[in-house]
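I have placed the structure first, in the form of structure tokens, so that the comments after it can refer back to it.
Numbering (my numbering), first residue to last: 18 to 456.
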């Protein structure tokens, strides 16, 4: 028995999902990812010249990571050895590596070790790969939906090229759907499907760039729709029933979570209420915790609007309390109201910048003692210590202001702007300076 006999190159079993059966065999058949696989691109050149190195393919589900790894194997005539990080252990990794070495010694054939969901390997499992990956046999292709710069150990990253795969375009999805409908061998060609353009358009949009989801929905719809006059008429209604709710690529505590909340905050800061509402809707649709969003609204109102419109913080705080009280789905309304208010308010980060300067001063410089006249004089014996002596009560003076030292050394942190209500603060402080100069 040949331990290194190549697996059958025939079509996948008929019971395999359509998305598996329709995986491309060559670069020519591969759809999408033109930013890394277009003519003259680095990855294309490396594959065509058989100078491929270890790769980390990073992107959302259904963007073609597994398909691309198989294409690399086919194009370079390498053995394809797939492992899944969820079910594989160190012993299986070592076995695959040992076999790749023997395969190369006996047959001169390289091995592509494809590890799906590689982010699920712990550090020890990833470390097992490094010596042999560095020597180039096997060639590692790791696939992950997680940011590899957070989930893959640095030594393994330094030995690999990282390519980000993006959600497929509607045109890419449309191409794959039509190819599946026409393919007699691996696709749905034998069902004589008459698919409305509206149905194709619907699936192309609703799958959100996930080819696997689009193809699986197509297969489900075709297989469950009754034939009329020997043909399956696949309508938009059938497409809607096959996929139901749109899936949004989102995660609870990684890139999509932080990228979307970042865009939400920056849209409010940038005074774009439409963008703010879009990101708010995306987060709520994907099941984000409304309390997480509400806390960010409060922070944004204080940091980015500040005293240009003090009412923004009041409204954001009210939205936080009300949204928790009423819960979803109605919580979206006060959250939206607060987001729009913040986006449409004049902006000032003067208070934020002021506290940052003051914090830096406290952390890096000599701590200033509280002036004696400002110290607490309410307790027995304070007068003996001289605490409070010489303090001037501002309300006893004209305009409720009197010049006196409030810091042991002069400091300047707060720079009021001319934005919104804060211009009143600026005018008031400038007036006080004039009074202090001319008492």
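Glycine residues also receive a C-beta, built at the ideal position from the N, C-alpha and C atoms.
The structure presented is a predicted model; accordingly, all values stated were derived computationally and were not measured.
Identify the residues that DSSP records as bridge partners of residue i: which are they?
| i | result |
| --- | --- |
| residue 96 | 128 |
| residue 101 | 133 |
| residue 54 | Residue 54 is not bridged to any residue. |
| residue 244 | 249 |
If residue i sits next to residue j, beta carbons under 8 angstroms apart, how far is it from one beta carbon to the other, in whole angstroms?
| i | j | result |
| --- | --- | --- |
| residue 280 | residue 219 | Rounded, the Cβ-Cβ distance is 27 angstroms, inconsistent with contact. |
| residue 290 | residue 361 | 6 angstroms |
| residue 83 | residue 160 | 6 angstroms |
| residue 197 | residue 252 | No, residue 197 and residue 252 are not in contact; Cβ-Cβ is about 17 angstroms, not under 8 angstroms. |
| residue 162 | residue 78 | 6 angstroms |
| residue 150 | residue 120 | In fact, because the Cβ distance is near 16 angstroms, the residues do not count as touching under 8 angstroms. |
| residue 131 | residue 182 | Residue 131 to residue 182, Cβ: 14 angstroms. No contact. |
| residue 209 | residue 170 | In fact, because the Cβ distance is near 52 angstroms, the residues do not count as touching under 8 angstroms. |
Note the first and the last residue of the continuous beta strand (DSSP E) segment covering residue i.
| i | result |
| --- | --- |
| residue 250 | 248-251 |
| residue 161 | 156-161 |
| residue 179 | 178-181 |
| residue 460 | Outside the displayed span of the chain (18 to 456) sits residue 460, for which this structure offers no information. |
Could you name the residues of the same chain whose beta carbon sits closer than 7 angstroms to that of residue i, not counting the 5 residues immediately before and after it, in chain order?
| i | result |
| --- | --- |
| residue 103 | 134 and 137 |
| residue 179 | 73, 75 and 165 |
| residue 91 | 42 and 43 |
| residue 425 | 385, 386 and 388 |
| residue 145 | 107, 110 and 111 |
| residue 445 | none |
| residue 375 | 430 |
| residue 405 | 390, 392, 394 and 399 |
| residue 69 | 63, 89, 93 and 156 |
Could you spell out where the alpha helix (DSSP H) holding residue i opens and where it closes?
| i | result |
| --- | --- |
| residue 138 | It is not in any alpha helix (DSSP H) - residue 138 carries neither H nor E in the DSSP assignment. |
| residue 167 | 165-168 |
| residue 418 | No alpha helix (DSSP H) holds residue 418; DSSP gives it neither H nor E. |
| residue 352 | 349-360 |
| residue 211 | Careful: residue 211 lies outside any alpha helix (DSSP H), inside the beta strand (DSSP E) at 210-212. |
| residue 35 | 35-38 |
| residue 368 | 367-381 |
| residue 172 | 171-175 |
| residue 317 | 307-317 |
| residue 279 | 272-286 |
| residue 411 | Element bounds for residue 411: n/a, residue is neither H nor E. |
| residue 192 | 187-199 |
| residue 334 | 328-343 |
| residue 450 | 439-454 |
| residue 44 | That residue, residue 44, is in no alpha helix (DSSP H); it is neither H nor E in DSSP. |
| residue 291 | 290-302 |
| residue 262 | Neither: residue 262 is in no alpha helix (DSSP H) and is coded neither H nor E. |
| residue 61 | 59-65 |
| residue 364 | Taken as a continuous stretch (DSSP letters only), residue 364 belongs to no alpha helix (DSSP H), as it is neither H nor E. |
| residue 402 | 399-402 |
Skipping 5 residues on each side, what residues in its chain have a beta carbon closer than 6 angstroms to that of residue i?
| i | result |
| --- | --- |
| residue 226 | 184 and 185 |
| residue 437 | 325, 326 and 363 |
| residue 333 | 314, 315, 318 and 355 |
| residue 369 | 320 |
| residue 439 | 324, 325, 365 and 433 |
| residue 260 | 223 and 234 |
| residue 409 | 419 and 421 |
| residue 29 | 37 and 38 |
| residue 86 | 131 and 158 |
Leaving out five residues before and five after residue i in sequence, what residues of the same chain have Cβ atoms less than 8 angstroms from its Cβ?
| i | result |
| --- | --- |
| residue 460 | Shown here, the chain extends from 18 to 456; a query on residue 460 therefore has no answer. |
| residue 286 | 317, 321 and 364 |
| residue 271 | 163, 164 and 167 |
| residue 55 | 61 |
| residue 294 | 353, 356 and 357 |
| residue 20 | Confidence at residue 20 is low in this model, with a pLDDT of 47, below 50, so its placement is unreliable and the value that follows should be read with caution. Cβ neighbours of residue 20 beyond the five flanking positions: 116 and 119. |
| residue 378 | 428 and 430 |
| residue 367 | 323, 324, 431, 432, 433, 434 and 439 |
Say yes only if the C-beta of residue i is nearer than 7 angstroms to one or more non-hydrogen atoms of the ligand GTP, and no if none qualify.
| i | result |
| --- | --- |
| residue 74 | Absence of the ligand GTP is noted for the structure shown, with no ligands found whatsoever. |
**Prompt:** Can at least three beta-carbon pairs, one atom from the stretch 138-155 and one from the stretch 190-210, be found at a separation below 8 angstroms?
**Reply:** no
**Item:** contact_flag[the stretch 308-315, the stretch 343-360] where n(CB pairs < 8 angstroms) is 3 or more
**Value:** yes
**Message:** Taking contact to mean 3 or more Cβ pairs, one atom from each stretch, closer than 8 angstroms, check whether the stretch 235-245 and the stretch 84-100 are in contact.
**Reply:** no
**Asked** Counting pairs of Cβ atoms below 8 angstroms between the stretch 203-211 and the stretch 29-41, do you hit three or more?
**Response** yes
**Item:** At least 3 beta-carbon pairs within less than 8 angstroms: the stretch 231-242 vs the stretch 43-58
**Value:** no
**Prompt:** Touching or not, the stretch 294-303 and the stretch 330-340, by the rule of three or more beta carbon pairs under 8 angstroms?
**Reply:** no
**Asked** Quick check: the stretch 385-405 against the stretch 343-354, are there 3 or more CB pairs under 8 angstroms?
**Response** no
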